[in-house]
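Residue numbers (this note's numbering): 47 to 300. The beta-carbon is built from N, C-alpha and C at its ideal position, and this holds for glycine as well. Quick caveat, the model's predicted, so the values are computed rather than measured. The structure appears right after this line, and notes come after that.
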Amino acid sequence: MKISTEKIIIFVLILLLFGIGYFGYSYYNKYQSEVTSRTSLVNGLNGELEIERNKNGSLTAKISTIEISNTDMLLDIKSKDDNIIQLQNIIKQKDKINNRLDNALAVQTQLTLKYKDSLNKNIIIGDTTISDTTYPTYERNFALYNDYDKNDTTAWVFGNVILGKMIFEIELDIKNKYDVTIGRERKNMFSPWQMYADITTYNPYDNITNIRSYSKQKIKPKRFGVGVSVGVGFAYEGISPYVGVGINYNFIEF
Numbered sequence: 047m048k049i050s051t052e053k054i055i056i057f058v059l060i061l062l063l064f065g066i067g068y069f070g071y072s073y074y075n076k077y078q079s080e081v082t083s084r085t086s087l088v089n090g091l092n093g094e095l096e097i098e099r100n101k102n103g104s105l106t107a108k109i110s111t112i113e114i115s116n117t118d119m120l121l122d123i124k125s126k127d128d129n130i131i132q133l134q135n136i137i138k139q140k141d142k143i144n145n146r147l148d149n150a151l152a153v154q155t156q157l158t159l160k161y162k163d164s165l166n167k168n169i170i171i172g173d174t175t176i177s178d179t180t181y182p183t184y185e186r187n188f189a190l191y192n193d194y195d196k197n198d199t200t201a202w203v204f205g206n207v208i209l210g211k212m213i214f215e216i217e218l219d220i221k222n223k224y225d226v227t228i229g230r231e232r233k234n235m236f237s238p239w240q241m242y243a244d245i246t247t248y249n250p251y252d253n254i255t256n257i258r259s260y261s262k263q264k265i266k267p268k269r270f271g272v273g274v275s276v277g278v279g280f281a282y283e284g285i286s287p288y289v290g291v292g293i294n295y296n297f298i299e300f
């Protein structure tokens with residue numbers, strides 16, 4: 047069977063149109079991915095830390111996540127933020143190993159203990175009162191419990207206090223428990239999804255002062271493609287093999 051020149055030209059034109067459309071679609075997706083990454087980078091760098099402490103003393107801090115596909119965007123930033131620098135160092139170290147870092151978190155906390163030197167020369171730490179005497183040294187073991195929840199019997203801070211006429215030393219051991227969540231949310235059904243990270247600290251004396259979060263942007267699998275097709279087809283003449291070039295949509299990739 048002879049194929050006319052007109053049919054060949056039409057076939058080539060159709061193939062070119064499919065090719066132009068496919069590459070245009072790929073470029074658009076790449077452009078959108080870069081725009082999304084830059085937006086997420088700006089939001090993550092400028093995001094405000096949301097802090098809430100519940101009635102049991104647990105503190106939860108939440109911030110927007112930097113979600114980018116190209117880590118160079120984050121590594122190229124010259125920042126004085128200690129947590130950003132820590133994120134950059136984590137990414138650099140991980141890249142040297144296997145370049146499979148999906149999430150990273152840098153957290154800065156501050157333990158706050160209130161004490162006072164009263165007029166009767168007593169130093170009060172939490173619920174523990176230690177007498178200051180005229181002896182050379184005075185040592186006392188102490189433990190601090192949860193002031194917010196009287197049913198919590200965990201000693202969150204414990205250690206030694208050494209007091210004397212010219213000495214005041216505190217040696218602390220600190221216990222803590224953290225819950226970390228990295229998820230997605232959006233304000234309403236029309237707004238874009240935004241990744242976030244939140245951390246809950248259960249030590250009532252611990253305060254989260256800064257968080258920086260990074261997540262690798264997930265690239266959606268490409269379902270469309272242009273390629274050579276080989277198979278068996280059904281026609282009026284019966285079953286016959288064929289070879290052709292066309293555009294494909296892949297339901298399953300392997």
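Residues near residue i in its chain [Cβ-Cβ closer than 6 Å; skip 5 each side]
i      : result
Asn256 : Asn129 and Gln154
Glu98  : Thr106
Tyr260 : Ile112, Leu133 and Ala150
Thr117 : Ile137
Ser104 : Thr246 and Tyr248
Glu96  : Lys108
Arg258 : Asn129, Ile130, Leu133 and Ala152
Asp225 : Thr246
Thr227 : Asp244
Asn192 : Gly103, Asp198 and Pro250
Ile54  : none
Glu215 : Ile208
Lys221 : Trp202
Leu121 : Gln134
Terminal residues of the beta strand (DSSP E) in which residue i lies
i      : result
Lys119 : What sits at residue 119 in the sequence shown is Met, not Lys. Segment Asp118 to Leu121 is the alpha helix (DSSP H) holding Met119; no beta strand (DSSP E) there.
Gln263 : Segment: none, Gln263 is in no beta strand (DSSP E) and carries neither H nor E.
Ala152 : Asn149 to Leu157
Met235 : From DSSP, Met235 is part of no beta strand (DSSP E); its letter is neither H nor E.
Thr246 : Gln240 to Thr247
Arg99  : Glu96 to Arg99
Ser110 : Leu105 to Ser110
7 Å Cβ cutoff met for residue i and residue j
i      : j      : result
Ala152 : Ile254 : no
Leu87  : Met119 : yes
Ser110 : Asn135 : no
Tyr242 : Asn102 : no
Gly115 : Ser72  : The sequence given here places Ser at residue 115; Gly does not occur at that position. No, Cβ-Cβ distance for Ser115 and Ser72 is not below 7 Å.
Residues near residue i in its chain [Cβ-Cβ closer than 7 Å; skip 5 each side]
i      : result
Glu217 : Gly205 and Asn206
Asp148 : Ser261 and Lys262
Asn187 : Asn206
Ser125 : Ile131
Neighbourhood of residue i by C-beta, 8 Å cutoff - its chain only, sequence neighbours within 5 removed
i      : result
Lys76  : none
Asp219 : Val203, Phe204 and Gly205
Val58  : none
Lys223 : Thr247, Tyr248 and Asn249
Leu165 : Since pLDDT at Leu165 reaches only 46, below the 50 mark, its modelled position is unreliable, and the value read off the structure follows with that caveat. Around Leu165: no qualifying Cβ.
Trp239 : Arg230, Glu231 and Arg232
Chain B contact for residue i (CB, 7 Å cutoff)
i     : result
Glu80 : Chain labels in this structure do not include chain B; a single protein chain is all it has.
Kindly confirm or deny that the segment 65 to 85 and the segment 228 to 235 touch, where touching means at least three C-beta pairs closer than 8 Å. no
The segment 116 to 136 touching the segment 199 to 210, judged by at least three CB pairs closer than 8 Å: no
Scan the segment 201 to 228 and note each continuous beta strand (DSSP E) run of 3 residues or more that stays entirely inside, going in chain order. 203 to 209 and 214 to 220
Which ranges does the beta strand (DSSP E) cover as unbroken runs of at least 3 residues, wholly within the segment 59 to 91, from first to last along the chain? none
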